[in-house]
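**Student:**
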Amino acid sequence: GNINVAYVFGLLQFVSTFLIAWLYSRYANRHLDPKAEQIAREFDLDQEVPR
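Mapping of the sequence shown onto our numbering: residues 1099 to 1149, in sequence order.
(1) Looking at the secondary structure, which residues open and close the alpha helix (DSSP H) in which residue 1101 lies?
(2) Tell me which residue opens and which closes the alpha helix (DSSP H) that residue 1132 is part of.
(3) Any chance the CB of residue 1142 is under 7 Å from a heavy atom of the ligand GTP?
(4) Measuring straight from C-alpha to C-alpha, what distance separates residue 1140 and residue 1132?
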């Protein structure tokens, strides 16, 4: 049968959603997670200091 343009756009929407999620996951793992771990370590050090 014929493939409607709407079907193509619908499938591209799924592909683009997963592509964007994968790219963001790579970015977060490389850039955001190390910063979050550093902040958590600094917070833990602040909690250990007696006041």
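Backbone N, C-alpha and C fix where the C-beta goes; we use that ideal spot for every residue, glycine too.
**Tutor:** The answer reads as follows:
(1) Element bounds for residue 1101: n/a, residue is neither H nor E.
(2) 1131–1146
(3) No copy of the ligand GTP occurs in the structure displayed, which carries no ligand at all.
(4) 12 Å
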